[in-house]
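The letter at position 33 of the sequence shown is residue 48 when you use the numbering used here, and the numbering goes up by one with no holes. In this text, a Cβ means the ideal position worked out from N, Cα and C, and glycines have one as well. Everything numeric in this text was worked out from a predicted model, so none of it was measured.
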Amino acid sequence: MSKDFEPFAYKGMSGFLGALESKCPATAEFKDLFVKVADYMACFKSGIKVEMQEKSVKLFRAISVLDGTNGETSVDSWRMVDGMLSMGILVTEMKKNVSQEITFEQRKELIGAMVKWARAIGLLVKTASEKKGQSIDLASFGVDYSPHVASPIKGANGEL
Numbered sequence: 016m017s018k019d020f021e022p023f024a025y026k027g028m029s030g031f032l033g034a035l036e037s038k039c040p041a042t043a044e045f046k047d048l049f050v051k052v053a054d055y056m057a058c059f060k061s062g063i064k065v066e067m068q069e070k071s072v073k074l075f076r077a078i079s080v081l082d083g084t085n086g087e088t089s090v091d092s093w094r095m096v097d098g099m100l101s102m103g104i105l106v107t108e109m110k111k112n113v114s115q116e117i118t119f120e121q122r123k124e125l126i127g128a129m130v131k132w133a134r135a136i137g138l139l140v141k142t143a144s145e146k147k148g149q150s151i152d153l154a155s156f157g158v159d160y161s162p163h164v165a166s167p168i169k170g171a172n173g174e175l
């Protein structure tokens, strides 16, 4: 796998998070969410799956405070945690094969996971921001955030 995949994924996600956080209300709940997401993303570098699972629980708690479910499962919290776990596992698996070039299919899978994650966190933050009276225009991020779209990105042949 090419050594460029990890910086590509991490830089892309970090840039997206920074831009998204700058549009959020400046509250402790939002700050905690973004700290927990960054902490979770740091697991990608260590590649320890147990650590990812532990940090995903902390992330889930931050999400439940933000979306008002207080420990209950909501669609937004589930999408967010599922997206983070999927991406973390994918990056960890790709990292194991560092000596091999990343294939087109692996790159496609990684980009699909990143978009799924961006869509989930974008919708979560947008909904929570609107509850605080602040609107966020997610269209500027270039991902389809419509809850009625099965896949946020499509290739020329209709595949992810």
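Assign residue i to one of two classes, buried (16 or more other C-beta atoms within 10 Å of its C-beta) or exposed (fewer than that).
i    : result
F75  : buried
K131 : buried
F119 : exposed
A128 : buried
K147 : exposed
K111 : exposed
G30  : exposed
K141 : buried
K169 : Since pLDDT at K169 reaches only 39, below the 50 mark, its modelled position is unreliable, and no value is offered.
S37  : exposed
If you compare alpha carbons, which of the options is closest to residue i?
i    : options                : result
F59  : V106, T84, G30, V140   : V106
V52  : M67, P40, T42, K38     : M67
E44  : S29, I78, K26          : I78
L81  : I136, E108, A34        : I136
F156 : L139, A133, T142, Q149 : A133
Just the Cα atoms here: how many angstroms apart are residue i and residue j?
i    : j    : result
A171 : A154 : Residue confidence is low: A171 scores 37 on pLDDT, short of 50, so the model does not pin down where it sits. Its coordinate-derived value is still stated next. Taking the straight line from one Cα to the other gives about 21 Å.
W93  : E116 : 33 Å
R122 : K46  : 31 Å
D97  : L32  : 17 Å
G103 : G83  : 26 Å
Am I right that residue i and residue j are in contact with their C-beta atoms under 8 Å? What's the rounded C-beta distance?
i    : j    : result
S71  : M99  : 6 Å
S144 : P40  : 6 Å
A57  : L125 : Not quite, the Cβ-Cβ distance comes to about 18 Å (not below 8 Å), so this is no contact.
L35  : M95  : With 8 Å as the limit, L35 and M95 do not qualify as a contact, their Cβ atoms being about 12 Å apart.
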